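All the letters of the sequence shown, read from the start, carry residue numbers 126 to 201 under our numbering.
Before any comments, here is the structure.
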Amino acid sequence: MVLGTGWWILIVVVALIAGVALGFFIARQYMMKYLKENPPINEQMLRMMMMQMGQKPSQKKINQMMNQMNKMNDKK
């Protein structure tokens, strides 16, 4: 049984849409996992930034700022 040209075009379009959707969700999951394992700013970077701004960073202040940043990320 031979399918008509219209059916082949429909199958290709549906496969293309499914591939794009699947690729989007896989890439999204990968990026979320990557950012969770490798946060953009860590304590060491925060300490260096504070020292460059002329502040003497205490561990308490760094912990407070990290907690604030984590809370902001969790809300998103």
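Positions of the beta carbon are idealized from the N, C-alpha and C atoms, including for glycine.
Predicted, not measured: the structure shown is a model, and the values here were computed from it.
Determine, using beta carbons only, whether residue i and residue j come nearer to each other than 8 Å.
| i | j | result |
| --- | --- | --- |
| Met197 | Leu171 | no |
| Ile166 | Met194 | yes |
Figure out for me which residue from the options has the closest Cα to the Cα of residue i.
| i | options | result |
| --- | --- | --- |
| Ile187 | Gln169, Asp199, Lys200 | Gln169 |
| Asp199 | Trp132, Ile134, Pro164 | Pro164 |
Any heavy atom of the ligand SAH within a distance shorter than 7 Å of the CB on residue i?
| i | result |
| --- | --- |
| Gly131 | In terms of ligand content, the structure shown is empty, and the ligand SAH therefore cannot be addressed. |
Taking contact to mean at least 3 C-beta pairs separated by less than 8 Å, is the segment 174-190 in contact with the segment 130-150? By the Cβ criterion, the segment 174-190 is not in contact with the segment 130-150, since fewer than three pairs of Cβ atoms, one from each stretch, lie closer than 8 Å.
Beta strand (DSSP E) segments (min. 3 residues) lying fully within the segment 127-188: Runs of the beta strand (DSSP E) inside the segment 127-188: none found.
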